[in-house]
Amino acid sequence: MTPTLQPIAQALESIHPLLRATHYVLDLETLGKGPNAAIATIGCVRIENGVIGDGLYIRVDVDSAIGFGGETDASTIDFWLRQSEEAQREIHHGFNRVKINNALIQLADFIDRPAAIYGETYVWGNGATFDNVIISTAFQRAHVPRPWPYWNDRDLRTIVQLYPEAKKSVPFVGLKHHALDDAMHEARILVAALKLHIARSPA
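Now the structure itself:
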C-alpha cells in the first residue's frame, strides 16, 4: 500500500465492518414489473462510513431502453397515469435523457471503486426481485459489465423487517416515485437500520 493511502486504511480499521463497507442504495422507476422491465429513471445514493454521500440521477431514453429489450406492461403504465404530473414528467418528458447503455456506464462508473480503500461494495434494492434484478438484466442486455458481484446484492425490505423502527424514524422528503428522492429516503432508513443492528449485536 502506498504511504498516501496508509492513514485512510488505518482510520477505517477502527470502524465496524458494516459501516466500513461502501453501500449504494439503488432505486429504479420503470415501465414494467418483470426482470426485463424498461427503465425510465435511475437513482443511486452512496453511503460511506455510515454517512450519506453523493447521489446520481439519470433520466433514461425509454425508447433506447425498449430497444435494448426492456419491456413495458399495461398495469405499470396505468400506475404512472395515476401519479402526480411532476412524477410523470420525470418518466416521459424530454429533459436531457440518456440512452440506456450510456446510463448504465454512468452508473457503473459511480459504483466502481477499489475495495482495498473503500471496503466491500454492497448494492441495496427495495425488494429482492426488483431493482437489483432489473438493473442486472439491463447490464447483461447492454453488454456493460456490472461493477459489483452478485453476492453483494442486498435487500432493504429484509433489514427493515428486522428493524422496523428505522423506517418509522425517517420522514420522507421530496417527490414520491422520483428515483433519487426515493433512493435518498431509503439510504436514510438503511443507515438507521445498520446502526441499530450494530448496537444490538454482540461485541
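Going by numbering that gives the first Met the number 0, the sequence shown opens with residue 0, and the numbers climb by one from there.
Note that the Cβ used here is the ideal one computed from N, Cα and C, for glycine as well.
Around the beta carbon of F171, fewer than 16 other beta carbons sit within 10 angstroms, so the residue counts as exposed.
Taking C-beta separations shorter than 7 Å and ignoring five residues to either side along the sequence, the partners of W147 in its chain run I110, T120, V122, following chain order. Straight-line spacing of the CA atoms in R156 and D181 works out to 14 Å. In terms of Cβ geometry, A64 and L103 do not form a close pair [threshold 7 Å].
In this model, P163 and A191 are separated by some 10 Å (Cα to Cα).
For W79, there is no enclosing beta strand (DSSP E); the enclosing alpha helix (DSSP H) covers residues 73-80. Taking C-beta separations shorter than 7 Å and ignoring five residues to either side along the sequence, the partners of N125 in its chain run D26, L155, R156, E185, following chain order. Taking every protein chain shown into account, the CB of Y149 has fewer than 16 other CB atoms within 10 angstroms, so this residue is exposed. Using a 10 angstroms sphere on the CB of V50, the tally of other CB atoms stays under 16, which defines it as exposed.
Here the alpha carbon of G69 sits roughly 27 Å from the alpha carbon of H22. R81 and A36 have their C-alpha atoms roughly 19 Å apart.
Short of 8 Å from the beta carbon of L195, and not among the five residues preceding or following it, lie these beta carbons of its own chain, in chain order: Y162, E164, A165.
Distances from the CA of G42 to each of T29, P34, Y56, N48 were compared; the closest alpha carbon is that of Y56. According to DSSP, G124 shares a beta bridge with D154.
Taking C-beta atoms as the reference points, A20 and G118 count as a pair closer than 7 Å. A residue is called buried once 16 or more other Cβ atoms fall within 10 Å of its Cβ, and A73, having fewer, is exposed.
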